[in-house]
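Just below is one structure, and these are the notes that go with it.
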Amino acid sequence: MEFQPLTIETDVIEFDIIGSEEDDDDDENENPDCEEDDFAAAAGGGGVGVSDPDPSLEPYEGMEFDSEEAARIFYNSYARRLGFSIRSSTYHRSRRDSSIICRHIVCSRQGFHHSRDRPTNNKHKRPRPIQRVGCKAMIIVKKQDSGAWLVSKLVKQHNHQLVPPDKVHRLRSHRHVSGTARSLIDTLQAADEGSKSLLVYNVAMDALKEAAKKVVAAKKRGSGLPQVGLLTNGSSQEVCVSEGSRLDSLKFSLKGEKDKKILELMSDLESANQRCEIYRMNLLAVLKDMEEQKLKLSVKVQNVKLSLKD
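The working numbering numbers the first residue of the sequence shown as 348 and each following residue consecutively.
The following block contains the structure:
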């Protein structure tokens with residue numbers, strides 16, 4: 348995506364001049380509402396601190412964040428709970444240092460698609476569903492003289508149906524990994540409940556090491572045997588080959604202590620793979636809890652900063 352600066356009076360506004368219909372995440376254009384006088388007024392009036400560290404806190408006008416990215420992460424987390432996707436839209440630069448001082452973070456269904464005349468080469472493409480329906484839901488965050496970012500405008504109402512919780516992970520801003528917090532949230536979709544102790548992490552790592560040792564031992568002692576369970580691409584995806592019947596047939600066909608030991612190791616490996624899957628789910632729950640604690644701590648730090656200013 349390419350951008351060209353447009354100078355208007357004391358500020359520089361950048362907007363998108365080339366884009367595609369599929370690029371919904373970075374639709375940035377001119378913002379006529381952000382003026383540098385607004386920032387001075389907002390900074391002079393002071394921001395409202397966050398008094399409730401609850402991670403399910405909803406955004407409100409006057410809410411402050413340490414950075415633009417922190418505001419986006421928080422709003423994206425809020426969007427995930429409600430069932431919609433977000434994207435960064437308009438931004439406004441200061442003429443003094445060309446830094447971004449205003450940002451619109453909008454619902455991904457904001458605005459409308461513009462039809463473009465493109466060469467079809469006699470190919471018929473299936474019509475794509477309309478994604479943008481002019482939704483007005485958004486927040487505007489403005490940078491203060493103190494460096495904090497304040498929510499200056501908030502629109503909560505949507506003009507479309509929200510996505511149910513079991514499908515929200517398919518939305519654009521929630522389905523790809525981009526940033527620490529977002530990657531944590533995206534990988535936690537399958538985890539419902541689990542232990543919230545770092546002990547689970549250590550147990551999971553021990554189980555993985557134990558399973559790896561047994562895999563090596565099984566390969567050394569019986570490289571010709573078919574694998575019953577294995578790990579694919581670092582995940583715990585199990586390949587089950589008629590577990591009961593396969594093991595029963597091997598018991599009758601293999602003789603001797605060495606063969607029995609191989610069967611025992613293969614059975615232990617299957618059990619270890621199953622335990623690893625359980626540990627993985629618990630580990631995801633631990634990471635989710637860590638993210639919630641991080642958000643709570645961030646809010647507390649903001650409150651401390653505000654109290655020190657007073």
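Each residue gets a CB set at the ideal place from its N, CA and C atoms; glycine is no exception.
In this structure, the CA atom of A418 is about 16 Å from the CA atom of R428.
F459 has no beta-bridge partner at all, per DSSP.
E411 carries a strand assignment under DSSP once its states are collapsed to helix, strand and coil.
Counted as a single uninterrupted DSSP element, the beta strand (DSSP E) harbouring H439 occupies residues I433 to S441. Scanning its chain for C-beta atoms nearer than 7 Å, with the 5 sequence neighbours on each side dropped, one finds around K561 the residues L612, D615, L616 and A619, in chain order. Closest in C-alpha terms to K607, from the list Q621, Q504 and R568, comes R568. Partner residues in the beta bridge of M485, as assigned by DSSP, are V453 and V502. Selection D413, K647, M485 and K652 evaluated against V453 yields M485 as nearest (Cα-Cα). Counting the other Cβ atoms within 10 Å of the Cβ of G481 gives fewer than 16, which makes it exposed.
Note on geometry: alpha-carbon atoms of N423 and V515 lie some 12 Å from one another. For H507, no alpha helix (DSSP H) run applies, since DSSP gives it neither H nor E. The C-beta distance from K489 to L497 rounds to 6 Å, short enough to meet the 8 Å contact threshold. Beta-bridge annotation (DSSP): I447 is paired with R440. If you look at R519, you'll find it in the alpha helix (DSSP H) that goes R519 to R522.
The beta-bridge partner set that DSSP reports for K490 consists of W496. Per the C-alpha coordinates, the member of L404, A564, D413 and L631 positioned closest to L610 is A564. Between I477 and Q457, the alpha-carbon positions lie close to 12 Å from each other.
In this structure, L501 sits near Y407, with a CB-CB distance shorter than 8 Å.
Counting of Cβ neighbours within 10 angstroms places H439 among the buried residues, the total reaching 16 or more. In this structure, the CA atom of I447 is about 23 Å from the CA atom of A426. The beta carbon of R450 sits closer than 6 Å to those of E415, Y438 and V488, all from its chain and outside the five residues before and after it, given in chain order. Taking the C-beta atoms as reference points, Q649 is found no nearer than 8 Å to E405.
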